[in-house]
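Following this note's numbering, the numbering of the sequence shown begins with 278 at its first residue and continues without gaps.
Everything below concerns the one structure shown next.
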Amino acid sequence: MGISDYENFIQTDAAINPGNSGGPLLNIHGKVVGINTAIFSRSGGYMGIGFAIPVNMAKSVEEQLRSNGKVTRGWLGLAIQDMNEDLAQSFGVNKAEGILVAEITKGSPAKKAGIQQGDIILSLNGKKIVDVTGLRNRIAMTPPGSEVSLQIIREGRKKDVRVVIAEQPADFSQATRMRSRKKK
């Protein structure tokens, strides 16, 4: 959607009037599953595709605001991209699984842990990584100071790497968006 670097929205056909976000998204049992956030509409009205923040993410933000007065996000310091068949072949792996490390920020937790450009991240704490968005969101929701285990492939060999998650720098999102705009 281009709203945030961390996009994990629930897509819905529930009517969300422009300027009227913030209400609950309910499932068929009346349970709150999300907070209505935005709508994509060709006509500019309420008819279109709605997006809601998952309730577990909203609860995490609420807890952080109540206890710390601010929201912190975990950070590794990686530029990553989804694997595809062509990349898998060029890196000598059998199938397009995991996430490719394209770039590492100097002084970042990933750099300190020895992660290298060209590594392929397969799992985080034993849970398979299927796409860039999934890894970004899982890292962002990990409290800074936590140690995580990444299973990677480097030069055709699987390896486990332990990394201590840092707090995402305050200017990270803005700097990332500026870099991606310059590339276009």
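All residues carry an ideal CB built from backbone N, CA and C; glycine is no exception.
- Nearest C-alpha to residue 285 among 388, 435, 447, 416: 416.
- Residue environment analysis places residue 407 among the exposed positions, since fewer than 16 neighbouring C-beta atoms fall within 10 angstroms of its C-beta.
- Considering only 313, 377, 442, 418, the residue with the shortest C-alpha distance to residue 431 is 377.
- If you check the CB distance, residue 418 and residue 351 come in under 8 Å.
- As for any alpha helix (DSSP H) of minimum length 4 sitting wholly inside the segment 321 to 388, the runs are 332 to 345, 362 to 367, ordered along the chain.
- Annotation: residue 437 to residue 404 spans about 13 Å, alpha carbon to alpha carbon.
- For residue 392, no beta strand (DSSP E) run applies, since DSSP gives it neither H nor E.
- Your pair residue 330 and residue 311 checks out as a contact, with CB atoms roughly 6 Å apart and the cut at 8 Å.
- A Cβ-Cβ contact shorter than 8 Å links residue 397 with residue 429.
- By the neighbour-count definition (other C-beta atoms within 10 Å, threshold 16), residue 381 is a buried residue.
- One Cα belongs to residue 301, the other to residue 342, and the distance between them is close to 19 Å.
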